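Notes for the one structure printed next.
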Ligand SMILES: Cc1cc2nc3c(=O)[nH]c(=O)nc-3n(C[C@H](O)[C@H](O)[C@H](O)COP(=O)(O)OP(=O)(O)OC[C@H]3O[C@@H](n4cnc5c(N)ncnc54)[C@H](O)[C@@H]3O)c2cc1C
Ligand code: SF4
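Residue numbers (the numbering used here), protein chains in the order written: chain A, 32 to 100; chain B, 152 to 605.
In structure tokens form, the structure reads like this:
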């Protein structure tokens with residue numbers, strides 16, 4: 032599972048950092064930093080964070096082009 | 152467009168952010184035909200913004216920034232092969248491996264690449280890097296891990312400044328060289344440029360403005376650099392952050408209006424041919440596109456912004472599978488973010504399209520503020536520093552061409568309520584080129600902009 036955060040939309044509410052601290056962290060006061068490739072054991076937390084984000088800035092999906100060959 | 156727009160063959164050249172988002176949007180819009188994505192890089196689409204941030208900080212490895220897919224795109228992926236030509240009559244894309252890929256409609260999403268150091272012998276010294284691809288970021292992060300004595304960053308645009316920030320956060324000695332008067336000045340103008348300069352110095356960056364690097368020294372390995380003011384430094388790593396070059400060479404014989412400034416298209420993402428006639432089967436989106444924007448006097452804009460690649464790709468995809476009257480224009484207000492030296496910088500509108508700027512909220516002193524930009528009495532842009540929540544409000548002012556200066560907000564005390572000149576320099580005085588290229592005139596000076604030929 033991979034994620035990308037639309038940081039134009041993100042308002043730095045830090046909801047996600049609270050719900051999945053191993054994937055989302057605040058960098059400084061306002062800037063969000065995250066790990067794009069989500070570790071297996073964090074997937075549940077990330078899904079919860081994506082649902083809780085007040086501006087729906089977190090996009091979750093399988094890595095694109097996984098079917099490429 | 153012939154036949155049923157939801158059928159046929161669509162080819163997308165450029166398998167990165169814009170290409171992927173377009174492919175998803177095509178399937179969302181009901182396209183059931185064959186879809187081929189051609190990408191020069193061997194790896195599937197990945198995200199670039201983390202490369203100069205998380206990856207250089209060593210928090211995420213460079214091969215782990217893959218983009219998630221919103222839905223299945225059922226595409227044929229042709230990765231690791233470059234498109235080298237376009238036959239507009241036979242409607243085929245020519246690939247470097249000799250293959251020809253036929254299409255009914257084509258999307259050009261080939262983006263940009265890093266502008267290399269102009270002297271090839273110096274550019275190939277061990278220790279000299281550029282940063283555009285995941286591979287670049289991986290190699291540079293590895294070198295930073297090894298603990299170089301000093302890193303030289305050439306060019307203080309967004310990429311250069313983020314690299315300098317990551318190096319300082321790692322505790323590495325950094326020199327930044329910028330031809331212009333301050334970092335970020337090409338994108339944000341004089342007031343915030345001065346703030347950026349102060350911040351870099353406060354974080355221990357050896358910042359040198361108004362100078363150029365004249366020589367990278369070394370014998371096989373980089374050892375140092377000389378500057379136009381006669382000074383020199385020892386450095387074992389140099390990152391060339393001189394801005395981007397649009398990937399349009401492969402279109403040279405295509406008859407399209409494609410050149411160093413990008414592929415010119417209309418507001419519906421349809422490419423123009425070299426006579427200014429709009430095509431109806433070739434579209435462009437993302438960093439490679441150049442399009443007219445009504446909020447900025449219909450000047451042609453090229454935006455090197457993540458959000459633009461996403462929004463424009465979605466409009467292009469919609470228009471590729473919908474007949475004329477159902478087509479949509481790409482009118483999104485430009486927006487981008489950057490994080491550096493512990494600050495979150497966000498921008499809406501086009502700050503370089505301005506004659507004046509005012510600090511509308513917060514203060515430079517606290518490095519927490521909103522700067523609002525105006526052109527001839529209307530609001531054209533706003534930039535926040537650690538004050539992102541306020542931006543939405545200003546975005547609406549830009550969309551509605553609200554009067555500048557804006558009425559004072561109730562929430563905050565204001566340091567300087569008086570507008571000052573926005574001091575947007577002529578791009579020719581910058582090392583790196585702006586990340587927004589207005590290819591008409593600089594609004595406050597009525598100059599015709601010609602990108603420096605390098
Ligand atoms: C280090 C870095 C940091 C950034 N940070 C930010 C940020 O903080 N905020 C922000 O808003 N934006 C940022 N950006 C900009 C953002 O990443 C770009 O706007 C975005 O990637 C544009 O997407 P694109 O698909 O148009 O082009 P690209 O991502 O450039 O993709 C183009 C693709 O086309 C391929 N290609 C090129 N020529 C050919 C050919 N002839 N045949 C086949 N394939 C070809 C390339 O290999 C590439 O994969 C950053 C960019 C970089 C490099
Ligand atoms: S919850 Fe959403 S808005 Fe808040 S920091 Fe996370 S991504 Fe940003």
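Idealized CB from N, CA, C, for every residue including glycine. Here the structure is a predicted model, which means the values were calculated and not measured.
Return the CA-CA distance between residue i and residue j, expressed in angstroms with no decimal places.
i: residue 251(B); j: residue 245(B); result: 5 Å
i: residue 427(B); j: residue 480(B); result: 18 Å
i: residue 489(B); j: residue 309(B); result: 7 Å
i: residue 493(B); j: residue 273(B); result: 33 Å
i: residue 359(B); j: residue 193(B); result: 38 Å
i: residue 561(B); j: residue 217(B); result: Caution applies to residue 561(B), whose pLDDT of 49 falls short of 50 and renders its modelled position unreliable; the value that the coordinates give is listed next. Looking at the two C-alpha atoms, the distance is approximately 43 Å.
i: residue 482(B); j: residue 418(B); result: 7 Å
i: residue 283(B); j: residue 311(B); result: 11 Å
i: residue 63(A); j: residue 169(B); result: 23 Å
i: residue 214(B); j: residue 72(A); result: 20 Å
i: residue 205(B); j: residue 476(B); result: 44 Å
i: residue 277(B); j: residue 179(B); result: 46 Å
i: residue 43(A); j: residue 451(B); result: 32 Å
i: residue 602(B); j: residue 584(B); result: Caution is warranted here: a pLDDT of 48 is assigned to residue 602(B), below 50, making its placement in the model unreliable, and no coordinate value can be reported.
i: residue 487(B); j: residue 453(B); result: 13 Å
i: residue 437(B); j: residue 203(B); result: 19 Å
i: residue 534(B); j: residue 514(B); result: 13 Å
i: residue 528(B); j: residue 552(B); result: 9 Å
i: residue 536(B); j: residue 300(B); result: 31 Å
i: residue 287(B); j: residue 195(B); result: 16 Å
i: residue 173(B); j: residue 167(B); result: 10 Å
Compute every distance between the C-beta of residue i and the non-hydrogen atoms of ligand 1, then say whether any falls below 7 Å.
i: residue 193(B); result: no
i: residue 262(B); result: yes
i: residue 199(B); result: yes
i: residue 233(B); result: yes
i: residue 481(B); result: no
i: residue 228(B); result: no
i: residue 282(B); result: yes
Regarding residue i and ligand 2, is the C-beta to nearest heavy atom distance less than 7 Å?
i: residue 89(A); result: yes
i: residue 539(B); result: no
i: residue 63(A); result: yes
i: residue 42(A); result: yes
i: residue 46(A); result: yes
i: residue 54(A); result: no
Within 8 Å (strictly less), CB to CB, does residue i reach chain A?
i: residue 534(B); result: no
i: residue 237(B); result: no
i: residue 165(B); result: no
i: residue 219(B); result: yes
i: residue 198(B); result: yes
i: residue 195(B); result: yes
i: residue 289(B); result: no
i: residue 528(B); result: no
i: residue 458(B); result: yes
i: residue 540(B); result: yes
i: residue 135(B); result: This structure cannot settle anything about residue 135(B), because the visible part of chain B is limited to 152 through 605.
Bridge partners for residue i per DSSP, in chain order?
i: residue 473(B); result: Answer by DSSP bridge pairing: none, since residue 473(B) is not bridged.
i: residue 516(B); result: Looking at the DSSP assignment, residue 516(B) forms no beta bridge with any residue, so it has no partner.
i: residue 302(B); result: 325(B) and 388(B)
i: residue 229(B); result: 189(B)
i: residue 442(B); result: 452(B)
i: residue 554(B); result: 529(B)
i: residue 65(A); result: 55(A)
i: residue 236(B); result: 245(B)
i: residue 358(B); result: 327(B)
i: residue 416(B); result: 422(B)
i: residue 549(B); result: According to DSSP, which records beta bridges pairwise, residue 549(B) is partnered with nothing at all.
Could you check whether the Cβ of residue i sits closer than 8 Å to any Cβ belonging to chain B?
i: residue 67(A); result: yes
i: residue 54(A); result: no
i: residue 71(A); result: no
i: residue 42(A); result: yes
Measure the beta-carbon distance from residue i to residue j and round it to whole angstroms, keeping in mind my assumption that it falls under 8 Å.
i: residue 393(B); j: residue 305(B); result: 6 Å
i: residue 325(B); j: residue 315(B); result: 5 Å
i: residue 414(B); j: residue 402(B); result: 7 Å
i: residue 441(B); j: residue 431(B); result: 18 Å between Cβ atoms; not a contact.
Taking only heavy atoms of ligand 4 into account, decide whether any of them is closer than 7 Å to the Cβ of residue i.
i: residue 73(A); result: As far as ligands go, the structure on display features ligand 1 and ligand 2 and does not contain ligand 4.
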